[in-house]
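Notes follow once the structure below has been shown.
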Amino acid sequence: MLRIFANYVDKAKHILDQNWTGSYTKPAPSLYPHQWNWDSGFIAMGRSHYDTRRAILEIETLFDAQWQNGMVPQIVFNPDALGGYFPEPDFWQTERCSKVPPGKLTSGITMPPVHAIAVEKIYRNARRPRTVLPFLERIYPKLLSLHRYLYRERDPKEEGLVYIRHPWESGIDNSPTWDGPLGKMSVDRAALPPYQRKDLEHGVDPAMRPTDADYDRYVYLVDLFRQCDYDEAKIRETCPFLIQDPLFNSVLCRANESLAEIAGLIHESAEMPLSWAKKTAEAMGRKLWHREHQIFDGFDLVANEPIEVDTAAGFLPLYAGAASREQARLIYQRLDSTSFCALQQGNCFTVPNYDTQKEGFDRSNYWRGPVWININWMLAHGLRRYGYTLKADSLQKDLLQLPLRFGFYEYFDSFEGTGYGSDNFGWTAALFIDLVHGFYEGKKTSQRVAAKARGLFSLDVVLNSGEKMPDLVAPSKLAGALMRSIRGLRDAFYDTSRGRVDYEALRQSSQYVQYRLLTNGLRRFDLSRLVGRRDKLAFWVNLYNTIVVDGIVSLNIKRSVQEAPELFSRVKYAIGEDLFSADDMEHGMLRGNARPWLHLRRQFGPADPRKAWLLKPSDPRIHFALVCGSRSCAPIDYYDAVTIYDQLEEAAKSFVNSSEVIVLPDESKVLLSEIFRWYESDFGGKGGVLDLLCDYLGDDHARRAIQEQAENLRFEYIYYDWDLNR
Ligand code: 2M8
0 MLRIFANYVD KAKHILDQNW TGSYTKPAPS LYPHQWNWDS GFIAMGRSHY
50 DTRRAILEIE TLFDAQWQNG MVPQIVFNPD ALGGYFPEPD FWQTERCSKV
100 PPGKLTSGIT MPPVHAIAVE KIYRNARRPR TVLPFLERIY PKLLSLHRYL
150 YRERDPKEEG LVYIRHPWES GIDNSPTWDG PLGKMSVDRA ALPPYQRKDL
200 EHGVDPAMRP TDADYDRYVY LVDLFRQCDY DEAKIRETCP FLIQDPLFNS
250 VLCRANESLA EIAGLIHESA EMPLSWAKKT AEAMGRKLWH REHQIFDGFD
300 LVANEPIEVD TAAGFLPLYA GAASREQARL IYQRLDSTSF CALQQGNCFT
350 VPNYDTQKEG FDRSNYWRGP VWININWMLA HGLRRYGYTL KADSLQKDLL
400 QLPLRFGFYE YFDSFEGTGY GSDNFGWTAA LFIDLVHGFY EGKKTSQRVA
450 AKARGLFSLD VVLNSGEKMP DLVAPSKLAG ALMRSIRGLR DAFYDTSRGR
500 VDYEALRQSS QYVQYRLLTN GLRRFDLSRL VGRRDKLAFW VNLYNTIVVD
550 GIVSLNIKRS VQEAPELFSR VKYAIGEDLF SADDMEHGML RGNARPWLHL
600 RRQFGPADPR KAWLLKPSDP RIHFALVCGS RSCAPIDYYD AVTIYDQLEE
650 AAKSFVNSSE VIVLPDESKV LLSEIFRWYE SDFGGKGGVL DLLCDYLGDD
700 HARRAIQEQA ENLRFEYIYY DWDLNR
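Following numbering that gives the first Met the number 0, the numbering of the sequence shown begins with 0 at its first residue and continues without gaps.
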């Protein structure tokens, strides 16, 4: 992993260096020359992994321009870079307000308050966190004052939900969510103060930016704020755009948690931030949840009605822990539907910003469809928070794929991944660095656990050696009863959509006791009773998957299967006269007695009686169905003899279209799961792997690249995560 991504991490750091001005990082080299509020937050998160000093300076520069009422402005203008952006200080005229910090040029609105999250990360990722404490002490009152401002000025009814009063405050400027409220505003172009857009002077396609009608409304609102001298009470009375937005409130809610953490680190009371977090989470769950749509929506305070427009912002309460378990489950279903391009399926890269099934969806227009790294990054954290770890993992790997394949762009085509907007975009680079670090950390933990745990036991452990025998099941019926029992375990304890097993509940269940009893019956089972290729395949695949689960439970493995590396070779079931470990089932029975990776010999020796029942020829698709108890392997499921061919086909398709396969045409490279290295011979060598990829890949672009570059294509293998799929 390290080697694979090293060049790209360097590239990302280089982008941040190029955009660095000496005290802050520009979001993009020319399109956005000033300091932007939430961009700086995300950028500091990325930098926190390798440059604590600049990460701190980034945040301090932003907060130097904090208004005296606590508001942190959306833009802090660089006096040396004026002239290239609209609107600049001459248009904002924030000097009309007495709360503006002296000597600073800023806009008069704010943005999603990600900063406490960034500050906590700076502390946690620092090489010497103690040295960051003075910064925490300096910044904490400022963060607190920002949150206080939001609850005081933007939540007059003390609902726990703050409002935004300009689309730019949302960060998702031309999101379809704003169409309704903006559409209701009657704006007389001739009465607007004269202005000229600058965003289209930077070579971006106008079709990928907000329209002129949008800009008229943006300007109308700024003009209104000016006329109110930025007095919030006055603005509130006349502003036609006051919206409680799920994205903004989710970020605030999540930031309150970080604020509480920071308070704890510097021995301040965490009571206030914690009570805000609770209040906002509850309010979102109550007021912004749309039951039928299975998503959170905004609420228009002017029209006093919900805005029933579903965008990716509606998934972000997961990031804040503001959704109930049930809401999270329903959100997950919505997320996994064609509306948001079923993660890992179809032709979508990660989650587009708007429901693809809606008329207004536009795959390339700014916040009206494309994929944004920051939104998906928060969503991945949210999914992980609710235990959808497998999806979170794949979402994060998919996110890495976008800059790798298409460049460090501002946003990406939701179907093909093409990069749009500005290249060398700051938060894309920064969050890429953060994602890569996520993988390193996973790897380090697993390696530590493994190093500590090797050699826990060296003798065979036969799991089905219990005295009690299943009395009702005749040996001839045992295979069927065992398969039904395994299916029962799957239904009760395997979460197939998350690829997770609830080991604790399983351990204590009566179904598990019953399953163990049935396995004792295997000692009387005659393998010659298994006839038919599909029956044999289902029997061994299911038994393999269950002996791994049984081993994890019986050996009380907590974190990683590497805690007991012998799990696959020493933990066994007695079947008839013979013993079978998971390795015996896989390399012996299912792979036709093949040689395990890096082993000199085949699984069974020349005179081994178990060779009488080998499944030959082997079906390489088993590798997408065998579950090894780890996060990187196939999601756990039950395989039915009648449908097993279709199921294996499905398993292969979803594996190949997941982030376990990343095609990088520009580099003539394919990044692959290590499964393709370990079992290359089963797939028919390198050529066979390429054939298989072409057969199953849904992405035409990637498939064509493989076909055209087959001869020179290099394979690199993606780190395998051995942590438990618990
Ligand atoms: C975009 O917004 C600015 C206004 O704030 C613009 O279009 O001029 C948005 O993508 C916003 O989320 C982002 O912070 C900003 C700078 O990257 O650009």
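The C-beta atom is built at its ideal place from N, Cα and C for all residues, glycine as well.
Check	Outcome
Label M588 either buried or exposed according to how many other C-beta atoms from any shown protein chain fall within 10 Å of its C-beta, with 16 as the threshold for buried.	buried
Cβ of G69 less than 8 Å from any chain D Cβ?	Here chain D cannot be found, since the structure has a single protein chain.
When the Cα of H13 is compared with those of T518, E649, G686, F424, which residue comes out closest?	F424
Just list the residues that DSSP pairs Y572 with in beta bridges.	F579
Using DSSP with H/G/I as helix, E/B as strand and the rest coil, what is E291?	coil
In angstroms with no decimal places, state the Cα-to-Cα distance between Y84 and F90.	11 Å
Pick out whichever of Y139, G418, G284 has its Cα sitting closest to the Cα of M271.	Y139
Taking only heavy atoms of the ligand 2M8 into account, decide whether any of them is closer than 7 Å to the Cβ of Q17.	no
Just verifying my parser: in three-state terms, what is the DSSP assignment at Q343?	Here Q343 scores only 45 on pLDDT, less than 50, and its place in the model should not be relied on; the value that follows carries that caveat. Three-state result, Q343: coil.
Identify whether E304 lies in helix, strand or coil by the three-state DSSP scheme.	strand
Note the first and the last residue of the continuous beta strand (DSSP E) segment covering L663.	660-663
Could you check where the beta strand (DSSP E) with V669 kicks off and where it finishes?	668-672
Kindly confirm or deny that the stretch 175-192 and the stretch 145-161 touch, where touching means at least three C-beta pairs closer than 8 Å.	no
Quickly, what does DSSP pair V461 with across the bridge? List them, please.	K571
Counting pairs of Cβ atoms below 8 Å between the stretch 668-676 and the stretch 638-645, do you hit three or more?	no
Grab the span of the beta strand (DSSP E) containing Y695 for me, first residue to last.	Run containing Y695: none in the beta strand (DSSP E); it sits in the alpha helix (DSSP H), 684-695.
Note the first and the last residue of the continuous alpha helix (DSSP H) segment covering D299.	Per DSSP, D299 belongs to no alpha helix (DSSP H); it is in the beta strand (DSSP E), 297-299.
So, helix, strand or coil for Y7, using DSSP?	helix
Answer with buried or exposed for A473, where buried requires no fewer than 16 other C-beta atoms within 10 angstroms of its C-beta.	exposed
Can you tell me which of the three DSSP states R713 falls into?	strand
Decide if D698 is buried, meaning its Cβ has at least 16 other Cβ atoms within 10 Å, or exposed.	buried
Taking I306 as the reference, which of Q243, Y365, V350, S268 has the closest Cα?	Q243
Counting C-beta neighbours from all protein chains within 10 Å, is the total for I390 16 or more, i.e. buried, or is it exposed?	At residue 390 the sequence reads Lys, which differs from the Ile that was named. Buried, by the Cβ-count rule.
Quick check: what's the CA-CA separation for E576 versus S464?	13 Å
Which same chain residues, not among the five before or five after R404, have their C-beta less than 8 Å away from its C-beta?	G416, I661, V662, L663, P664, D665
Determine which residues share a DSSP beta bridge with G418 and list them.	F411
When you measure from the CB of D213 to every non-hydrogen atom of the ligand 2M8, does any distance come out below 7 Å?	no
Going straight from the alpha carbon of D525 to that of I574, what length do you get?	8 Å
Buried or exposed for G345, going by 16 or more other Cβ atoms inside 10 Å?	With a pLDDT of 47 at G345, under the threshold of 50, the predicted position of this residue should be treated as unreliable, and no value is reported.
Would you identify the three-state DSSP class for Q395, choosing helix, strand or coil?	helix
With distances taken from CA atoms, which of L334, L689, A311, S657 is nearest L246?	A311
Taking all protein chains shown into account, do 16 or more other C-beta atoms lie within 10 angstroms of the C-beta of Q332, making it buried, or fewer, making it exposed?	exposed
Which residues end up in the neighbourhood of the ligand 2M8 when you take C-beta atoms closer than 6 Å to any of its heavy atoms?	P26, Y31, W35, W37, D38, Q73, W167, G170, D172, D198
Give me the Cα-Cα distance between L264 and D494, rounded to the nearest whole angstrom.	37 Å
Can you tell me where the alpha helix (DSSP H) with N364 in it begins and where it stops?	From DSSP, N364 is part of no alpha helix (DSSP H); its letter is neither H nor E.
By the 10 Å Cβ neighbour count, where 16 or more other Cβ atoms means buried, how is D694 classified, buried or exposed?	exposed
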